[in-house]
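Report on the following structure.
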Amino acid sequence: MAIMKIRGGDLDLVEYEFTSFSPGEKIRPCGLKKDYRLSPVSGTVVVCAPARIHLTVLDMNRFSPDRPGGGGIGFAIGVYCTAEVECTPSGLEIDYTREPILRHFVEAFRQVVGYEGGFKIRARDHQHEHVGLGSTSTILTAVATALNTAVGSPLTSDQLRLLLGCNFVEETATGSVAFGFETGVGPAASIHGGMVVMGDDLALVYRHAFAEGKQVYIAIPSSDISSAGEKEFDLLMNKARTLDYRDRELKSYLVLMDLIPALERGDLRKAGDVIWEIEFRGSKRAEVEHHGFEIYRYMAALRDAGIEFVGMSSVGPSIAVITDRPEEEVAVILEKAGLRVAIATTVDNEGLKVHLEERA
């Protein structure tokens, strides 16, 4: 694959070889490999994981495909991915359209916990790929949790998040995989629900219930700008890094001094004001402008109409709206802006749901 250039400042220019490899290669055990007492369960473990809205990275200079982290904030939504896992004597059977990303994590999990049997896996995602709703991280979180539960839960949820983040990959057109960008926001939001704040090195700093009793409406503007692969790499590792050199302290201050207190009070409007400020700061500005200034026009129209909380998720183009207004009223506001409600849901404040289906 291509050699990409990373610029973080005038004196910070390096080259990164964006290499792909076969699933199961380049496993990162994260210091978790040891002798675990495994107790494979009888039956099928079923996991339902909420997707996430990723509001911002705190500092893109602190992560890359070789280094998960960077901090960030996001929340879980009532849009779900599911995984079903059954232990088998040997082999690996995967029923999922993006088989390579699951195969890679299965091999990482096997190596770490020392499981020598097989797995039968069936996974289904939310069918909204590469529009900012975290399909990859959510399905991986669901599968990882199901694998762990199926062999007796040797790893804690924090250890699973670490293993996921360090072995996070995206598939290529040839069926191989390559390391991707991972802040840890997605798995933390999916596991715990609500709003999460992440520090560097995948550290979960804060979690709180969010927007209880409110509605979430997601609009997905049309965009011919790619938000994946080399386009995403170039965006996140160049312009976004440069802007975060300038604004990372302000974004962190806003999260600590304004967003977290607003979450504690249940003040959706104040939380929305903080997120709106962040939309124009640092790497978030780079992500929004990646799709052209039309995204700003859309979001400004929603804010001008009095919507309490408006933010673009990840590298977009999905726009999340949170309000107590009914869908009919929000649909009219969106229509005037040239948008429509693609998904109507709520914040998921509970996180993962796991159950065991016993064999007949």
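Each residue of the sequence shown is one higher than the last, beginning at 1 in UniProt numbering.
Glycine is no exception: its CB is placed at the ideal position from the N, C-alpha and C atoms.
Computed from a prediction, not measured in an experiment: that's the story for all the values here.
message: Give the list of continuous beta strand (DSSP E) stretches no shorter than 3 residues that lie fully inside the stretch 142 to 176.
response: 169 to 171
query: For residue 80, which residues does DSSP report across the bridge?
result: For the purposes of this step, residue 80 is taken as residue 80 along the sequence shown, with counting starting at 1. In the DSSP assignment, residue 80 is bridged to 50.
query: When burial is assigned at 16 or more other CB atoms within 10 Å of the CB, is residue 136 buried or exposed?
result: Residue 136 sits at position 136 when you count from the first residue of the sequence shown. Burial call: buried.
- prompt: In or out: residue 284 buried (at least 16 other Cβ within 10 Å) or exposed?
  reply: Stepping through the sequence shown from its first residue, residue 284 is reached at position 284. Flag for residue 284 reads buried.
message: Out of 182, 69, 51, which one is the CA nearest neighbour of residue 124?
response: Indexing the sequence shown from 1 puts residue 124 at position 124. The option with the nearest alpha carbon to residue 124 is 51.
Presumed contact (8 Å Cβ cut-off) between residue 184 and residue 244, rounded CB distance: Position 184 of the sequence shown, counting from 1, holds the residue named residue 184. Position 244 of the sequence shown, counting from 1, holds the residue named residue 244. Not quite, the Cβ-Cβ distance comes to about 17 Å (not below 8 Å), so this is no contact.
- prompt: Among 247, 131, 151, 201, which has the Cα closest to the Cα of residue 161?
  reply: Position 161 of the sequence shown, counted from the start, is the residue given in the question as residue 161. That would be 201, whose Cα lies nearest to the Cα of residue 161.
message: Helix, strand or coil for residue 273? Go by DSSP, reduced to three states.
response: As a working note, residue 273 is residue 273 in the sequence shown. Residue 273: helix per DSSP, three-state reduction.
- request: May I have the straight-line CA-CA distance separating residue 313 from residue 299, to the nearest angstrom?
  value: Taking the sequence shown and counting its residues from 1, one reaches residue 313 at position 313. Taking the sequence shown and counting its residues from 1, one reaches residue 299 at position 299. The straight-line gap from Cα to Cα measures roughly 12 Å.
query: Cα separation between residue 39 and residue 94?
result: In the sequence shown, residue 39 corresponds to position 39, counting from 1. In the sequence shown, residue 94 corresponds to position 94, counting from 1. So the two alpha carbons sit approximately 22 Å from each other.
- request: Evaluate contact between the stretch 23 to 31 and the stretch 150 to 170, counting only Cβ atoms and requiring at least three cross-stretch pairs below 8 Å.
  value: yes
field: Cβ contact (3+ pairs, closer than 8 Å) linking the stretch 166 to 178 and the stretch 82 to 102
entry: yes
task: List the endpoints of the continuous alpha helix (DSSP H) containing residue 97.
output: In the sequence shown, residue 97 corresponds to position 97, counting from 1. Taken as a continuous stretch (DSSP letters only), residue 97 belongs to no alpha helix (DSSP H), as it is neither H nor E.
field: Span separating the alpha-carbon of residue 152 from that of residue 111
entry: Working through the sequence shown from its first residue, we reach residue 152 at position 152. Working through the sequence shown from its first residue, we reach residue 111 at position 111. The straight-line gap from Cα to Cα measures roughly 16 Å.
message: Within the continuous beta strand (DSSP E) that includes residue 33, where are the two ends?
response: Residue 33 sits at position 33 when you count from the first residue of the sequence shown. Where residue 33 is concerned, there is no enclosing beta strand (DSSP E), given that its DSSP letter is neither H nor E.
field: Between the CA atoms of residue 179 and residue 362 - distance to the nearest angstrom
entry: Because residue 362 is not part of the residues shown, which for the chain are 1 to 360, the question remains open.
Terminal residues of the beta strand (DSSP E) in which residue 207 lies: Stepping through the sequence shown from its first residue, residue 207 is reached at position 207. Here the beta strand (DSSP E) through residue 207 covers 204 to 208.
field: Test item: CB-CB of residue 321 and residue 310 under 7 Å
entry: In the sequence shown, residue 321 corresponds to position 321, counting from 1. In the sequence shown, residue 310 corresponds to position 310, counting from 1. Against a cut-off of 7 Å, the Cβ pair of residue 310 and residue 321 comes out as a contact.
- prompt: What's the C-alpha gap between residue 301 and residue 337?
  reply: The sequence position of residue 301 within the sequence shown is 301, counting from 1. The sequence position of residue 337 within the sequence shown is 337, counting from 1. Each residue's Cα considered, the two are about 6 Å apart.
message: If contacts are defined as beta-carbon pairs under 8 Å, then residue 149 and residue 354 qualify, I think. What distance do you get, rounded to the angstrom?
response: In the sequence shown, the residue the question calls residue 149 occupies position 149. In the sequence shown, the residue the question calls residue 354 occupies position 354. With 8 Å as the limit, residue 149 and residue 354 qualify as a contact, their Cβ atoms being about 6 Å apart.
message: So, with DSSP's three-state summary, where would you put residue 217?
response: Taking the first residue of the sequence shown as position 1, residue 217 is located at position 217. Note: residue 217 maps to strand in three-state DSSP.
message: Quick check on residue 10: buried or exposed, where buried means 16 or more other Cβ atoms within 10 Å of its Cβ?
response: The residue you call residue 10 lines up with position 10 of the sequence shown. Low confidence applies to residue 10: its pLDDT is 48, below 50, so where it sits in the model is not reliable, and the reading given next is rough at best. Of the other Cβ atoms in all chains shown, fewer than 16 fall within 10 Å of the Cβ of residue 10; this residue is therefore exposed.
- prompt: Excluding the five sequence neighbours on either side, which residues of its own chain have a C-beta within less than 8 Å of the C-beta of residue 37, listed in chain order?
  reply: Counting from 1 along the sequence shown, the entry for residue 37 is found at position 37. Counting only Cβ-Cβ distances below 8 Å, and skipping sequence neighbours, we find 152, 154.
- request: May I ask you to report which of helix, strand or coil DSSP gives residue 309?
  value: Here the question's residue 309 lines up with position 309 in the sequence shown. In this structure, residue 309 counts as strand in the three-state DSSP scheme.
task: From the DSSP output, in three-state form, read off residue 123 for me.
output: Within the sequence shown, residue 123 is the residue found at index 123, counting from 1. Note: residue 123 maps to strand in three-state DSSP.
message: Quick check on DSSP: helix, strand or coil for residue 356?
response: For the purposes of this step, residue 356 is taken as residue 356 along the sequence shown, with counting starting at 1. Residue state, collapsed to three classes: strand.
- prompt: Just curious, the alpha helix (DSSP H) that residue 299 is in, first and last residue?
  reply: Taking the first residue of the sequence shown as 1, we reach residue 299 at position 299. Here the alpha helix (DSSP H) through residue 299 covers 294 to 304.
field: Which of helix, strand or coil DSSP assigns to residue 131
entry: Locating residue 131 in the sequence shown gives position 131, counting from the first residue. Coil.
task: Verify the contact flag: residue 334, CB atom, against every heavy atom of the ligand FAD, threshold strictly below 6 Å.
output: By its list of ligands, the structure shown contains no ligand whatsoever, and the ligand FAD lies outside what it can speak to.
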